[in-house]
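Report on one structure; see the data block that follows.
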Amino acid sequence: MNDNKIKLRSVRKNDLELIRNWRNDPYIFQFNKQHNLLNMKNQQNWFKIINIKNSDKKMFIIEKDSIPIGICGFVNINNIIHSGDIAIIIGNTKLQKKGFGSVVLKKLIEYGFKNLKLNKIGAEIFESNLISKKFFEKFNFQHEVTCREALWRNNRYWDIYNYSLLKFE
Amino acid sequence: MINEKSISLRSLEFEDLSKLRDWRNMEHVKKSTREYRLLNMINQKKWFESIHNTSSNTIMFGIINNKKLIGVTGLTYIDWKNRHAEISIYINKKNWQKTLDAKDTLFAIMKYGFGELNLHRLWVEIFETTTENIILFKKMKFVYEGTSRQKLWRNNKWWNSQFYSILSKEFKNE
C-alpha cells in the first residue's frame with residue numbers, strides 16, 4: 032500500500048454534494064447513527080458547524096490520486112479531557128476493503144495525538160459492524176464499554192461498543 | 017408531583033437555582049460530575065434556560081422530603097429515537113447514597129423513564145472518584161457495561177469512569 036497515493040485535505044463547499052451522496056448510500060449509513068436522509072440544507076449546516084472556531088469536529092476529505100474517495104476526521108472533540116472520536120467513511124464503496132482505511136486511520140491517529148494533542152482517541156462501533164471491530168483492534172484499540180441495546184435499527188435493538196486508544200499506547 | 021414512598025418529585029423553579037448552585041459546588045456533589053468550574057448564578061440561569069429550549073433533551077425534577085427540597089434528579093441526553101437516557105441525581109447531604117431517599121428517588125425516576133416516557137434503556141456514567149454511586153446503582157440492579165479509561169482529570173491525576181445500565185425488561189415495577 033502506497034501511503035503517498037492517499038492524501039487528507041480540508042473539506043470544501045463543492046465537496047458537499049458528493050458527501051451527501053455517500054452518506055445517503057444504504058451500505059454506508061447502516062453503520063452510522065444517522066436515521067434520516069440528508070439534503071443540501073443539512074450539508075450546508077454541517078459545513079458551517081465544522082468551520083466554526085473551536086468546533087468539536089475536525090473533518091478531512093480523503094483523496095486517492097487527487098480524487099475524493101471518502102471523508103474522515105474527529106467528532107466529539109473534548110478540549111477539557113482531550114478526547115475525540117474517529118470517523119471514517121470510504122464513500123466510494125468499490126474502494127472499500129482494499130487497505131485505504133488503514134492508511135487513513137494511521138494518519139488520523141498521528142494527527143489526533145500530535146496536532147489536536149488528544150490524550151484519548153475513541154471509536155463507536157455497532158454490534159453489526161464486524162469489519163470495523165477487527166479494523167480498530169488491528170490498531171490496538173481496546174474494547175472498553177458495551178452499551179447494551181443502545182441502537183434501534185431494522186426493527187430491533189443492537190449493542191454499541193466503545194473502543195479507545197490512549198496516547199501512551 | 018410524583019410520589020414515591022419517602023420522597024416526591026416536583027418541577028424545578030427559578031427560585032431554586034441558588035440552592036442548586038450551592039449544592040453543586042459542595043465537594044461531595046462536585047466530585048461526581050463532569051463540572052470543573054465552581055458555578056455561579058450566570059451558569060445556573062443559562063442551564064435553566066437551556067433545559068427549557070424546544071430542542072432540549074433534558075428533564076429535571078427537584079426531590080422533596082418532608083416539604084423540603086433536598087436534591088435534584090432527572091434524565092439527560094434523552095435519545096427519543098433509540099429510547100435511552102442518562103440518569104442524573106444528587107442529594108444535599110454527605111453519604112446520601114446510603115439513604116432510603118436515594119433509593120426511592122432512583123426508583124421514581126426509573127418508573128418515570130420506563131413507565132411514562134417509554135424509554136428502553138437508562139444508563140449512568142460514574143467516575144471512580146465517587147465509588148459511593150457505584151455501590152448505589154449496583155444495589156438498584158444496574159448492570160456493569162464496562163470501564164472507560166481516563167475520563168476525568170481531577171486532583172492531578174486521571175480517573176476512569178464506569179458505565180451501568182438497566183433495560184426496561186429488567187426493571188420490576190413492584
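Chains A and B, in that order, give the protein sequences. The opening residue of the first sequence carries number 32 in the working numbering; numbering runs sequentially from there. The opening residue of the second sequence carries number 17 in the working numbering; numbering runs sequentially from there. C-beta: ideal position from N, C-alpha, C; glycine also. Predicted model, so just to flag it, every value in this text is computed and none were measured.
Min CB distance residue i to chain A below 8 Å
{"i": "residue 179 (chain B)", "result": "yes"}
{"i": "residue 52 (chain B)", "result": "yes"}
{"i": "residue 144 (chain B)", "result": "no"}
{"i": "residue 25 (chain B)", "result": "no"}
{"i": "residue 161 (chain B)", "result": "yes"}
{"i": "residue 168 (chain B)", "result": "yes"}
Listed by chain order, chain B residues near residue i by CB distance under 7 Å
{"i": "residue 182 (chain A)", "result": "98"}
Simplified DSSP state of residue i, which is helix, strand or coil
{"i": "residue 83 (chain A)", "result": "coil"}
{"i": "residue 32 (chain A)", "result": "Low local confidence applies: a pLDDT of 47 at residue 32 (chain A) is under 50, so the model's placement there is unreliable, with the coordinate-based value given in what follows. Looking at residue 32 (chain A) - three-state DSSP - the assignment turns out to be coil, as it is neither helix nor strand."}
{"i": "residue 157 (chain A)", "result": "strand"}
{"i": "residue 179 (chain B)", "result": "strand"}
{"i": "residue 36 (chain B)", "result": "helix"}
{"i": "residue 184 (chain A)", "result": "strand"}
{"i": "residue 18 (chain B)", "result": "strand"}
{"i": "residue 131 (chain A)", "result": "helix"}
{"i": "residue 47 (chain A)", "result": "helix"}
{"i": "residue 67 (chain B)", "result": "coil"}
{"i": "residue 136 (chain A)", "result": "helix"}
{"i": "residue 44 (chain B)", "result": "helix"}
{"i": "residue 31 (chain B)", "result": "helix"}
{"i": "residue 200 (chain A)", "result": "coil"}
{"i": "residue 171 (chain A)", "result": "coil"}
{"i": "residue 56 (chain B)", "result": "coil"}
Cβ distance (whole Å) where residue i is taken to contact residue j below 8 Å
{"i": "residue 162 (chain B)", "j": "residue 134 (chain A)", "result": "With a Cβ gap of about 30 Å, residue 162 (chain B) and residue 134 (chain A) do not count as contacting."}
{"i": "residue 1 (chain B)", "j": "residue 147 (chain B)", "result": "For chain B, the structure presents residues 17 to 190; residue 1 (chain B) sits outside this window and is missing."}
{"i": "residue 76 (chain B)", "j": "residue 28 (chain B)", "result": "6 Å"}
{"i": "residue 148 (chain A)", "j": "residue 195 (chain A)", "result": "No, residue 148 (chain A) and residue 195 (chain A) are not in contact; Cβ-Cβ is about 16 Å, not under 8 Å."}
{"i": "residue 152 (chain B)", "j": "residue 113 (chain B)", "result": "4 Å"}
{"i": "residue 80 (chain A)", "j": "residue 88 (chain A)", "result": "7 Å"}
{"i": "residue 62 (chain A)", "j": "residue 160 (chain A)", "result": "5 Å"}
Neighbour flag for residue i against chain B, beta carbons, 8 Å
{"i": "residue 176 (chain A)", "result": "yes"}
{"i": "residue 149 (chain A)", "result": "no"}
{"i": "residue 112 (chain A)", "result": "yes"}
{"i": "residue 32 (chain A)", "result": "The pLDDT assigned to residue 32 (chain A) is 47, lower than 50, so where the model puts this residue is not dependable; a value taken from the coordinates is nonetheless given after this. No, because no Cβ of chain B sits closer than 8 Å to the Cβ of residue 32 (chain A)."}
Within chain A, the residues that residue i reaches when beta carbons sit closer than 9 Å
{"i": "residue 139 (chain B)", "result": "178, 179 and 181"}
{"i": "residue 63 (chain B)", "result": "Those do not exist, as residue 63 (chain B) stays about 17 Å from chain A at its closest Cβ, beyond 9 Å."}
Where residue i meets chain B, residues with beta-carbon distance less than 8 Å
{"i": "residue 205 (chain A)", "result": "Since the first residue shown for chain A is 32 and the last is 200, residue 205 (chain A) is missing from the structure and cannot be characterised."}
Chain-ordered chain B contacts of residue i [CB-CB under 9 Å]
{"i": "residue 188 (chain A)", "result": "98, 99, 136, 137 and 183"}
Any non-hydrogen atom of the ligand NAD closer than 7 Å to residue i Cβ
{"i": "residue 164 (chain B)", "result": "Judged by which ligands are present, the structure shown has none, so any question about the ligand NAD falls away."}
- At which residue ranges does the region 61–126 of chain A contain complete beta strand (DSSP E) runs of 3 or more residues, listed in the order of the chain? 89–95, 98–109 and 114–121
- Task: Let me know the beta strand (DSSP E) ranges lying completely inside the region 142–173 of chain B, each 3 residues or longer, listed in chain order.
- Result: 159–170
- What are the start and end residues of each continuous beta strand (DSSP E) run of 3 or more residues lying completely inside the region 92–131 of chain B, in chain order? Entirely contained in the region 92–131 of chain B, the beta strand (DSSP E) runs reaching 3 residues are, in chain order, 100–107.
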